Amino acid sequence: MWLLTLFLWLPGLGNQPLRDWDEGRVASVARSTISRWDWGSAGGDWLLAWKWDEAYLNKPPGLHWLIGASTQFFGNNEWAVRLMPCLIASLAIPLLLLLRRQLGGHGAENKAMLAALILMTVMPMARHGRLAMLDGSLVTSVLLLWTGWLSSRSTPWHGLLAGLGATGILMLKAPALVGFVLITAGISVLDRRQSHWRATSLLWVCAGISPGVAWHIWHLAQRGSSALVMWGGQGFSRVAGVVGDSTGAFIMPITEVLEGGWPWLLLLPLGIRLAWQQRSDSAGRWELGLMMGSSALVLPLRSQLPWYSHLLWPAIALLCAEGLHHVLVSGRPRWIGKIWLLIGAVLLLASLIMFLSSQSIAVPRLAVVCAGSGLLLGGQQLIQATQQQRWRGLITLLIGWGSALLALWHSQLWLWELNESWDPRPVANAIRELPADAEVVLDGPTRPSMGWYANRKMLQDTNKIQGEYWVVSQQAPKGCAVDGAQLKSSQGKAPWQLWYCPFSPENIEEGHEGQ
74 MWLLTLFLWL PGLGNQPLRD WDEGRVASVA RSTISRWDWG SAGGDWLLAW KWDEAYLNKP
134 PGLHWLIGAS TQFFGNNEWA VRLMPCLIAS LAIPLLLLLR RQLGGHGAEN KAMLAALILM
194 TVMPMARHGR LAMLDGSLVT SVLLLWTGWL SSRSTPWHGL LAGLGATGIL MLKAPALVGF
254 VLITAGISVL DRRQSHWRAT SLLWVCAGIS PGVAWHIWHL AQRGSSALVM WGGQGFSRVA
314 GVVGDSTGAF IMPITEVLEG GWPWLLLLPL GIRLAWQQRS DSAGRWELGL MMGSSALVLP
374 LRSQLPWYSH LLWPAIALLC AEGLHHVLVS GRPRWIGKIW LLIGAVLLLA SLIMFLSSQS
434 IAVPRLAVVC AGSGLLLGGQ QLIQATQQQR WRGLITLLIG WGSALLALWH SQLWLWELNE
494 SWDPRPVANA IRELPADAEV VLDGPTRPSM GWYANRKMLQ DTNKIQGEYW VVSQQAPKGC
554 AVDGAQLKSS QGKAPWQLWY CPFSPENIEE GHEGQ
């Protein structure tokens with residue numbers, strides 16, 4: 074299952090530039106952190122997170138270490154930055170399969186396989202799992218926590234896996250561990266009559282979590298009260314207040330689920346009903362408990378970003394698998410297959426219109442054709458009388474939907490947020506040709522990816538500049554001009570350019586007034 078996930082997720086990993094803010098910032102921190110690695114150093118700075126020459130206090134450096142090591146080994150390119158996050162996020166698929174298998178019940182093996190296939194092919198999980206972000210790795214760590222804890226019922230030392238999952242959470246988004254521990258403890262108490270844990274399981278959990286706890290204690294000793302920023306300012310404060318521009322409340326994750334859960338979302342109501350009917354069993358309790366717990370963890374956040382809904386997908390996949398298994402076995406309800414058939418027909422009709430249209434439409438047409446074909450043919454087979462035909466329909470749907478995802482990756486439109494801003498790479502290439510001590514100012518919104526591509530910290534003001542400098546801007550600053558040798562600009566109606574500003578008191582004063 075993991076190899077199938079890699080086959081689906083890895084292609085086209087480096088065909089798009091890094092996305093701001095998230096990918097650009099993660100890549101910059103990874104480079105700054107890994108550059109300080111010195112196994113012989115007694116100070117321990119190489120184990121802390123850094124952003125250029127400043128302490129990075131937002132997140133622990135767990136994933137940044139791996140990204141930095143990847144870029145040092147494979148080079149500074151986009152696919153090397155995204156490789157380790159993608160590999161770790163892809164482990165969520167086999168872990169969900171193992172988790173559902175641990176829950177048991179009628180048809181557990183088939184339901185486990187279906188849950189894994191759904192999680193693998195739901196587009197937000199696949200798309201964000203390919204990016205240099207923490208959220209895909211966080212889902213994997215959470216599933217390792219839950220799977221190891223469930224498995225420790227029969228094999229106590231598997232509690233070590235649960236502890237390692239907790240360490241992963243501590244090294245990615247530490248405050249989230251509190252919520253996941255409460256979810257796990259709450260469901261375990263409700264399921265205590267069906268499941269029995271030994272004290273030795275907890276001892277193994279403590280052994281697994283000890284590396285993460287040790288790092289945070291050491292981080293506090295090294296950086297003092299500043300180390301608490303990742304727990305307070307970047308952690309618990311997101312529940313009570315808005316951090317930066319991350320607004321949206323509970324509407325944003327609900328919208329993300331409604332937009333990105335297709336085609337499987339139609340199965341969710343049926344899955345919830347079936348899980349409720351099994352609420353006296355471990356499977357029903359854990360499936361409903363994980364759905365309610367994950368929702369209680371994500372929805373109340375007042376600071377929301379689209380990828381926070383990532384934590385909802387494992388529970389949604391488990392419930393949708395219940396519904397899908399019921400449809401495959403019983404053939405009911407038939408309306409699900411009919412709606413898939415109808416959606417497929419609409420997509421194929423839309424693709425035909427796009428092919429015949431003389432206007433250029435920024436839509437991955439091949440992806441639309443593949444998705445439409447899979448839904449049309451698969452939906453038609455899912456409403457057939459025999460179970461064998463319905464399973465063939467599922468296979469047809471999966472082939473079509475998986476082909477659509479592969480076509481989307483190769484269309485170079487899969488990272489559509491890049492259309493909202495300008496490409497920093499042409500200007501960054503010019504900046505890399507400047508002297509090592511050159512001062513470069515970015516006159517505009519912060520672009521972490523610009524600094525990563527330029528391999529240079531971008532200044533935001535000219536207050537400390539005492540000589541010549543360069544400015545990245547859409548318009549020529551006063552007293553500055555484009556150096557012909559460094560002429561580089563981004564594409565667009567109002568291209569950004571690199572301007573050379575010779576030293577003069579007037580230029581510095583003008584820069585101060587602009588700030």
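Numbers 74 to 588, taken from the numbering used here, label the letters of the sequence shown in order.
All C-beta atoms in this analysis are idealised placements derived from N, C-alpha and C, irrespective of residue type, glycine included.
Only a predicted model underlies this, so the values are computations on that prediction, with no experimental measurement involved.
Inset, instruction - Would you decide whether residue 86 is buried or exposed? Buried here means 16 or more other CB atoms lie within 10 Å of its CB. - result: Answer is buried; the Cβ neighbour count reaches 16.
Inset, instruction - Could you tell me which residues DSSP pairs with residue 544 in its beta bridges? - result: Residue 544 is bridged to 514 and 572.
Inset, instruction - Using a Cβ-Cβ cut-off of 8 Å, state whether residue 185 counts as contacting chain B. - result: Of the protein chains in this structure there is only one, and it is not chain B.
Inset, instruction - Give the secondary structure of residue 394 by DSSP, where H, G and I count as helix, E and B as strand, and everything else as coil. - result: Residue state, collapsed to three classes: helix.
Legend entry - Secondary structure, beta strand (DSSP E): runs of 3+ residues fully inside the stretch 148-195: Counting only runs of at least 3 residues, the stretch 148-195 fully encloses no beta strand (DSSP E) element at all.
Inset, instruction - Figure out for me which residue from 99, 187 and 170 has the closest Cα to the Cα of residue 217. - result: Checking every option, the nearest Cα to that of residue 217 belongs to 170.
Legend entry - Environment of residue 81 [buried if 16+ CB atoms lie within 10 Å]: With 16 or more other Cβ atoms within 10 Å, it is buried.
Inset, instruction - Select from 341, 279, 429 and 101 the residue whose C-alpha is nearest the C-alpha of residue 236. - result: The shortest C-alpha separation from residue 236 is found at 279.
Inset, instruction - If I'm right that residue 255 touches residue 211 with Cβ under 8 Å, what's the distance once you round it to whole angstroms? - result: Going by Cβ atoms, the distance from residue 255 to residue 211 rounds to 16 Å, so no, they are not a contact pair.
Legend entry - residue 283, enclosing alpha helix (DSSP H) - first and last residue: First-last of the alpha helix (DSSP H) with residue 283: 272-296.
Inset, instruction - For residue 329, name the three-state secondary structure that DSSP assigns. - result: It is helical.
Inset, instruction - Rounded to whole angstroms, what's the CA-CA distance from residue 93 to residue 352? Just pull it up for me. - result: Rounded to whole angstroms, residue 93 and residue 352 show a C-alpha spacing of 43 Å.
Inset, instruction - Drop a sphere of 10 angstroms on the beta-carbon of residue 428, count the other beta-carbons inside from all chains shown, and report buried for 16 or more, exposed for fewer. - result: With fewer than 16 other Cβ atoms within 10 Å, it is exposed.
Legend entry - DSSP state of residue 86 mapped onto helix, strand, coil: It is coil, neither helix nor strand.
Inset, instruction - Name the residue from 538, 102 and 271 whose alpha carbon lies nearest to the alpha carbon of residue 230. - result: Ranking 538, 102 and 271 by Cα distance to residue 230 puts 271 first.
Legend entry - Three or more C-beta pairs below 8 Å linking the stretch 496-515 and the stretch 465-472: The stretch 496-515 vs the stretch 465-472: no contact.
Inset, instruction - Pair every Cβ in the stretch 369-380 with every Cβ in the stretch 429-440, then say whether three or more of these pairs are closer than 8 Å. - result: Using a C-beta cut-off of 8 Å, the stretch 369-380 makes no contact with the stretch 429-440, since fewer than three inter-stretch Cβ pairs fall below that distance.
Legend entry - Element boundaries [alpha helix (DSSP H), containing residue 100]: In the DSSP assignment, residue 100 falls within the alpha helix (DSSP H) that extends over 95-107.
Legend entry - Span separating the alpha-carbon of residue 298 from that of residue 120: So the two alpha carbons sit approximately 18 Å from each other.
Inset, instruction - Starting from residue 360, trace the alpha helix (DSSP H) both ways and give me its first and last residue. - result: Following the DSSP letters along the chain, one finds residue 360 inside the alpha helix (DSSP H) bounded by residues 355-371.
Legend entry - Where residue 411 falls: helix, strand or coil (DSSP): Correct three-state label for residue 411: helix.
Inset, instruction - For my contact list, residue 260 and residue 358 are in at a C-beta cut-off of 8 Å; report their separation, rounded to the angstrom. - result: Confirmed, Cβ separation roughly 6 Å.
Legend entry - At least 3 beta-carbon pairs within less than 8 Å: the stretch 338-351 vs the stretch 454-465: Fewer than three pairs of CB atoms, one per stretch, sit closer than 8 Å, so the stretch 338-351 makes no contact with the stretch 454-465.
Legend entry - Which listed residue (568, 517 and 513) has its alpha carbon closest to that of residue 574: Nearest option by C-alpha distance: 513.
Inset, instruction - Could you check if residue 519 is buried or exposed, using at least 16 other CB atoms within 10 Å of its CB as the buried criterion? - result: Taking all protein chains shown into account, residue 519 has fewer than 16 neighbouring C-beta atoms within 10 Å of its C-beta and is therefore exposed.
Inset, instruction - Could you pull out every residue in the same chain whose Cβ sits closer than 6 Å to the Cβ of residue 588, ignoring the five residues on either side in sequence? - result: Note that residue 588 has pLDDT 44, beneath the 50 cutoff, so the model's placement of it is unreliable and the number below is only indicative. Only 534 meet the Cβ criterion.
Legend entry - Beta-carbon separation (whole angstroms), residue 487 vs residue 200, contact threshold 8 Å: That belief holds up - the Cβ atoms of residue 487 and residue 200 are roughly 6 Å apart, short of 8 Å.
Legend entry - Every unbroken alpha helix (DSSP H) within the stretch 465-509, with a cutoff of 4 residues, ordered by chain: For secondary structure counted as the alpha helix (DSSP H) over 4 or more consecutive residues, the stretch 465-509 holds these complete runs in sequence order: 498-505.
Inset, instruction - Give the C-beta separation of residue 214 and residue 241 to the nearest angstrom, bearing in mind that I take them to be a contact with Cβ-Cβ under 8 Å. - result: In this structure residue 214 is in contact with residue 241, their Cβ atoms being roughly 3 Å apart against a cut-off of 8 Å.
Inset, instruction - Would you kindly work out how many angstroms separate the C-alpha atoms of residue 103 and residue 96, rounded to a whole number? - result: Their Cα atoms are separated by approximately 10 Å.
Legend entry - Option nearest residue 275 by Cα separation, candidates 221, 326 and 435: Considering only alpha carbons, the answer is 221.
Legend entry - Minimum C-alpha distance to residue 452 - residue among 305, 228, 384 and 466: Measuring from the Cα of residue 452, the nearest candidate turns out to be 466.
Inset, instruction - Starting from the Cα of residue 492, find the closest Cα among 370, 90, 79 and 526 and give me that residue. - result: Sorting 370, 90, 79 and 526 by C-alpha distance to the C-alpha of residue 492 places 90 at the top.
Inset, instruction - Could you check the C-alpha separation between residue 363 and residue 173 for me, to the nearest Å? - result: Taking the straight line from one Cα to the other gives about 12 Å.
Legend entry - Chain-order list of residues whose beta-carbon lies under 7 Å from that of residue 124 (same chain, five-residue window excluded): Leaving aside the five residues that flank residue 124 on each side, the residues in its chain whose CB is nearer than 7 Å to its CB run, in chain order, 101, 102 and 105.
Legend entry - DSSP three-state assignment for residue 122, whether helix, strand or coil: Here DSSP, grouped into helix, strand and coil, assigns residue 122 to coil.
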